[in-house]
Amino acid sequence: MTEIRHEPVAPTRTQSLAPGGSIGAHRHDDHQIIYAGRGVLTVTTGEGTWIAPGTRAIWVPAGTVHAHRAHGEIDLHLLGLPATENPLGLDTPTVLAVSPLLRELIIAYTRAEDDDSPERARLRAVLLDQLRASPQQPLHLPTPTTPLLRALCDILRAAPGDNRTLAELGREVGASDRTLSRLFRDDLGMTFPQWRTQLRLHHALVLLTERMPVTAVAHQCGWSSTSAFIDVFRRTFGHTPGSHPTG
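Going letter by letter, the sequence shown gives residues 1113 to 1359 in this note's numbering.
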């Protein structure tokens, strides 16, 4: 069994992670905001995986066991907040949009010396104000708990471009599409197409960070055309995959 570290205080600092670098499972008694200034970061908990490119941050509530993984070279900005202070009112991990102003505030705060100066207090106050105004983003890929659904999802995680229908996949795992549809709704809170789209977007972000051409990413992730991929990507992230930062 993997050992889970307990680090009571969530640190506020900046550190680098090489491509493929990771931080093992751990938990804090504080809340934490995690932001990758470049590259793509994934945060995994028992409930699933959250992914954040450079325009997103991840809120991790106090007590949540989580692990980090870097895709591409990343600058990891960590911001700890006491458990008594929850500016977002969130009790589950959540991806947040990061505006250009919030990005600079996070970078400045996590790089500056941690002291009790009035200047740092003012910087922190503005940062928290910007956090409260940050829209939440649906970039969560939940992990199934039922064995049947876990088997199906493992098939697609291994091959996100698999375009078989739910009925066809069901024949492989031994269940009807009606049963699987119900399990997706009850276990994961989303439909099969929604889950598969999330999986493909997660995979696409990683491939783009590895500098794979957009057309190849679209094909490998199972989109019917490059234009269809670009449309979904733009609606989700606010920019085209061709302009996505690669770190």
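Note that beta-carbon positions come from the ideal geometry of N, C-alpha and C, so glycine has one too.
Check: According to DSSP, is Trp1171 helix, strand or coil?
Finding: Residue state, collapsed to three classes: strand.
Next item on the list: Decide if Pro1131 is buried, meaning its Cβ has at least 16 other Cβ atoms within 10 Å, or exposed.
Entry: Result: exposed.
Next item on the list: Kindly indicate which three-state DSSP category Asp1299 falls into: helix, strand or coil?
Entry: Helix at Asp1299.
Checklist line | Gly1133 versus Ala1164: straight-line alpha-carbon distance, rounded | finding: C-alpha of Gly1133 to C-alpha of Ala1164: approximately 15 Å in a straight line.
Margin query: I'd like to check one pair, Val1285 with Leu1264: are the Cβ atoms closer than 8 Å?
Written below: Contact flag set, yes.
Checklist line | Meets three-Cβ-pair contact criterion under 8 Å: the segment 1167-1185 and the segment 1119-1130 | finding: Enough Cβ pairs lie closer than 8 Å, so yes.
Check: In terms of residue numbering, what span does the alpha helix (DSSP H) encompassing Ala1263 cover?
Finding: For Ala1263, the uninterrupted alpha helix (DSSP H) run begins and ends at Pro1259 to Ala1270, by DSSP.
Checklist line | Buried/exposed call for His1186, threshold 16 Cβ in 10 Å | finding: Note on residue identity: the sequence assigns Ile, not His, to residue 1186. Answer is buried; the Cβ neighbour count reaches 16.
Notebook entry, point to check: How many whole angstroms separate the CB atoms of Leu1260 and Ala1287, which I take to be in contact at a CB cut-off of 8 Å?
Noted result: By a beta-carbon distance limit of 8 Å, Leu1260 contacts Ala1287. Their separation comes to about 5 Å.
Notebook entry, point to check: For Met1113, does the count of other Cβ atoms within 10 angstroms reach 16, so buried, or fall short, so exposed?
Noted result: The predicted model places Met1113 with a pLDDT of 39, which falls under 50 and marks its position as unreliable, so this point remains unresolved.
Checklist line | Straight-line Cα distance separating Asp1299 from Thr1258 | finding: Straight across, the Cα-Cα distance linking Thr1258 with Asp1299 is about 7 Å.
Notebook entry, point to check: Are Ala1245 and Leu1188 closer than 8 Å when you measure CB to CB?
Noted result: At a Cβ-Cβ threshold of 8 Å, Ala1245 and Leu1188 do not count as neighbours.
Check: Based on Cα-Cα distance, which residue from Pro1123, Phe1341 and Arg1139 lies nearest to Thr1309?
Finding: Looking from the CA of Thr1309, the closest CA among Pro1123, Phe1341 and Arg1139 belongs to Phe1341.
Next item on the list: Give me the Cα-Cα distance between Gln1367 and Leu1153, rounded to the nearest whole angstrom.
Entry: The displayed coordinates of the chain run from 1113 to 1359. Any statement about residue 1367 would go beyond what the structure contains.
Check: Which residues share a DSSP beta bridge with Trp1162?
Finding: Trp1162 is bridged to Val1155 and His1252.
Checklist line | Thr1124 in three-state terms, based on DSSP | finding: Residue state, collapsed to three classes: coil.
Notebook entry, point to check: In three-state DSSP terms, what is Ser1134?
Noted result: In this structure, Ser1134 counts as strand in the three-state DSSP scheme.
Note to self: Here's the rule I'm using: 16 or more other beta-carbon atoms within 10 Å means buried, otherwise exposed. How should Ala1169 be labelled?
What the structure shows: That one is buried.
Checklist line | Per-residue DSSP class, three states only, for Asp1187 | finding: Secondary structure of Asp1187 (DSSP, three-state): strand.
Next item on the list: Indicate whether Leu1214 and Leu1243 have their beta-carbon atoms separated by less than 8 Å.
Entry: Going by C-beta atoms, Leu1214 is nearer than 8 Å to Leu1243.
Item checked: 8 Å Cβ cutoff, His1315 in contact with chain D -> Within the model displayed, chain D is absent; a lone protein chain is all it includes.
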